[in-house]
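Residue numbers (the numbering used here), protein chains in the order written: chain A, 1 to 231; chain B, 1001 to 1231.
Protein chains: 2
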Amino acid sequence: MNNPSSIQCFAAGDLIFEVGSTAALYEIQSGVVLLRHREADGGHHVLEVFGPGALVGVPPGQRQSVAAECLTPAVVRTLAPDQDDAVPFWRGVAERLSAQMSQLQRKMLMVGRAGAPQRLAFLLARLMDIQILGTPAASGMDVPLPLSRVNIANYLLLSPETVSRLFSDLRRRGLIDYQAVDSVAVRDVRALRHLAEFGTLQSRPPAPSDDARPRQRPRGRFGNRRQSLVA
Amino acid sequence: MNNPSSIQCFAAGDLIFEVGSTAALYEIQSGVVLLRHREADGGHHVLEVFGPGALVGVPPGQRQSVAAECLTPAVVRTLAPDQDDAVPFWRGVAERLSAQMSQLQRKMLMVGRAGAPQRLAFLLARLMDIQILGTPAASGMDVPLPLSRVNIANYLLLSPETVSRLFSDLRRRGLIDYQAVDSVAVRDVRALRHLAEFGTLQSRPPAPSDDARPRQRPRGRFGNRRQSLVA
DNA sequence: CGTCCGTTTGAACTATGTCAACGTTGGTGG
DNA sequence: CCACCAACGTTGACATAGTTCAAACGGACG
């Protein structure tokens, strides 16, 4: 109780907590952490991937509904309220949970509405952000992929085969490059971010500000339909 | 400040708050409320549907990232901390937000992995739960549908045409029945819940406990693949 | 009574899952 | 040290659920 915040270190592959563990809140100090959800049939889904600064776990009084696994060596801080700052503490937790809700909502739209290429670009963009933490992304930067293809597929709710094909496509198109499977060199950050956001490949920059071309509208699995514009 | 909780009433179609409104937390007392997310192209997505007891909005210090619209006449209570009970208040908010995260995660898996029929059954089950609130569901009960087909499609991330077809199918198969589009009579609660959970139609009960039939495993858009069982 | 929007139904298309075969890597045991 | 094996990743061929386009129907509202 008089130990308001303690530090813990984990190796890659370690579990920070398991489903059903007694509740606790953790703040990631360094490393990349994955939230998994076990299925009845023995499979599992990757719900979220978090980097430094994120809050994982549930507040006391409940049980953990998911498992948290370290993808890289990681340092986490256990969060607990002090006697004095209990109000700002819980307020802060509420705010951060609320922010994570928004993040999860974005992912849901991604996974439910966007096409497969956009989804992968989305994940790559997120991994870039986790890597650089503030620094502006530069083309040519190397992004580690702490997840296997299978985990990526689970995260994006795609089949591993599709993920594999997508990587090949992105490389063919020159957006990324890689030798090993556990990291990619981002050749064209701009195109990648554009793909993540709009689901389309922007016609290469050379286009000399041609204003008259048919406006590019967001495209996913949906989005090719005339919008009713009224609803 | 000395007004810790105030009651507000809304008519169907009213907005409780809009995107960008100053933050506030509301507890739904009665009625059905929908969370919408506006898109760049003028369309919108239905993120969640809530009934009495749910918490909507964000804690002070942020801006609303979504809009909340009443589908039926509704009564909501504005939540604000008292001087005395600030700690339990924020603690409670954190816990309820955390619980909603789990709920949203379930929906994400639904929308990303389950097939269209399962998704609709999922929504119908949720609407049943919102209606009855505790009372055990009975076959033959009448469930109001406060959402249009288009909104249902948006919620489930399907096209309206698909939703329409699904309703027709469910009626053909005798799980539900309806004359108007704004309510359904649930003919077979059991089958509907089974569909929502497993994605399959249970062979009608008559099956005389035939143990030797190929075990029904969960089926969605995925799930027909041999599980690696190892990962 | 006519128009309009939401719903329904039909037909065709496409993205993505499934199945299957092959290559590569890393670990294990002879 | 090398042979073998098991995962994982890649690629191809095929199947299909769900979107898209199109047209017809119905109720609501002027």
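The C-beta atom is built at its ideal place from N, Cα and C for all residues, glycine as well. Values in this document were obtained by computation on a predicted structure and should not be read as measured data.
Notebook entry, point to check: DSSP state of E1197(B), grouped into three classes?
Noted result: helix
Next item on the list: Alpha carbon to alpha carbon, how far is G1020(B) from V1057(B)? Give it in angstroms, no decimals.
Entry: In the sequence on display, residue 1057(B) carries Gly and not Val. Going from the Cα of G1057(B) to the Cα of G1020(B) covers about 11 angstroms.
Next item on the list: Please classify Q1008(B): is it buried, with 16 or more other beta-carbons within 10 angstroms of its beta-carbon, or exposed?
Entry: exposed
Next item on the list: May I ask you to list the residues that DSSP assigns as paired with V944(B)?
Entry: Residue coverage of chain B in this structure runs from 1001 to 1231, which leaves residue 944(B) outside it and unanswerable.
Next item on the list: Tell me, please, whether the CB atom of R94(A) is closer than 9 angstroms to any CB atom in chain B?
Entry: Note on identity: in this sequence residue 94(A) is Ala, with Arg being the wrong assignment. So yes, A94(A) belongs to the interface.
Next item on the list: Helix, strand or coil for R119(A), going by three-state DSSP, please let me know.
Entry: helix
Next item on the list: Alpha carbon to alpha carbon, how far is Q1179(B) from P1205(B)? Give it in angstroms, no decimals.
Entry: Unreliable placement is indicated for P1205(B), whose pLDDT of 47 sits below 50; the coordinate value is still reported in the next sentence. P1205(B) and Q1179(B): Cα-Cα distance of roughly 27 angstroms.
Check: How big is the Cα-Cα spacing for L985(B) and G1051(B)?
Finding: Nothing in the structure corresponds to residue 985(B), since chain B is present only between 1001 and 1231.
Notebook entry, point to check: What is the rounded straight-line gap between the Cα of V87(A) and the Cα of F1198(B)?
Noted result: 43 angstroms
Notebook entry, point to check: With a CB to CB cut of under 7 angstroms and the five nearest residues on each side skipped, what residues in its chain are close to G1174(B)?
Noted result: R1187, D1188
Item checked: Distance between beta carbons of L1071(B) and L1124(B), contact taken as under 8 angstroms -> L1124(B) to L1071(B), Cβ: 15 angstroms. No contact.
Next item on the list: Anything in chain B within Cβ reach of G112(A), meaning under 8 angstroms, just list it in chain order.
Entry: M1108, V1111, G1112, L1157
Notebook entry, point to check: How do the segment 128-141 of chain A and the segment 1090-1097 of chain B stand: do at least 3 beta-carbon pairs fall below 8 angstroms, yes or no?
Noted result: no
Next item on the list: Determine the direct distance from the alpha carbon of Q1083(B) to that of Y155(A), and round the result to whole angstroms.
Entry: 43 angstroms
Next item on the list: Anything in chain A within Cβ reach of L1104(B), meaning under 9 angstroms, just list it in chain order.
Entry: M101, L104, Q105, M108
Checklist line | Status (buried if at least 16 other CB within 10 Å, exposed otherwise) for S98(A) | finding: buried
Next item on the list: Output the distance between the C-alpha atoms of L32(A) and A1012(B), rounded to the nearest integer angstrom.
Entry: Position check: residue 32(A) holds Val in this sequence, whereas Leu was assumed. About 45 angstroms.
Note to self: For the beta strand (DSSP E) containing Q1008(B), name the first residue and the last one.
What the structure shows: 1005-1010
Item checked: Spatially closest choice to P1073(B) from F1010(B), S1148(B), R1171(B), A1185(B), by CA coordinates -> F1010(B)
Notebook entry, point to check: If you follow the alpha helix (DSSP H) that P1160(B) is part of, which residue opens it and which one closes it?
Noted result: 1160-1172
Note to self: Closest to A116(A) by C-alpha separation, out of I28(A), P81(A), R165(A), would be which residue?
What the structure shows: R165(A)
Notebook entry, point to check: Which residues, in chain order, does the segment 1058-1077 of chain B contribute to contact with chain A at a C-beta distance below 7 angstroms?
Noted result: V1058, P1059, G1061, Q1062, S1065
Notebook entry, point to check: Taking only beta-carbon atoms, is S1098(B) less than 9 angstroms away from chain A?
Noted result: yes
Checklist line | Whole-number beta carbon distance between L1157(B) and V1111(B), since they are thought to touch under 8 angstroms | finding: 5 angstroms
Check: Considering only residues of the same chain and omitting the five flanking positions on each side of S1006(B), which have a CB-CB separation below 6 angstroms?
Finding: T1078
Next item on the list: Count the other CB atoms, across all protein chains shown, that sit within 10 Å of the CB of R119(A); report buried if there are 16 or more and exposed otherwise.
Entry: buried
Check: Quick one: what's got a C-beta closer than 8 angstroms to D177(A)'s C-beta in the same chain, skipping five residues either side?
Finding: R171, V184, A185, R187
Note to self: For P81(A), tell me which candidate among L145(A), D182(A), Y26(A), D169(A) has the shortest Cα-Cα distance.
What the structure shows: Y26(A)
Note to self: Going by DSSP, what residue range makes up the alpha helix (DSSP H) through G1092(B)?
What the structure shows: 1086-1113
Check: Is the CB of R91(A) under 9 angstroms away from at least one CB in chain B?
Finding: yes
Notebook entry, point to check: What three-state label does DSSP hand Y26(A) in the structure shown?
Noted result: strand
Next item on the list: Taking C-beta pairs closer than 7 angstroms, name the residues in chain B that H194(A) reaches, listed in chain order.
Entry: None at all; the shortest Cβ gap to chain B is about 13 angstroms.
Item checked: Neighbour-count burial assignment, E1069(B), 16 or more Cβ in a 10 Å radius -> buried
Next item on the list: Could you tell me whether the Cβ of V87(A) comes closer than 9 angstroms to any Cβ of chain B?
Entry: yes
Next item on the list: Can you pull the chain B residues whose beta carbon is under 7 angstroms from the beta carbon of L47(A), in chain order?
Entry: Q1105
Note to self: What does the alpha-carbon distance come out to for the pair V75(A) and M1101(B)?
What the structure shows: 24 angstroms
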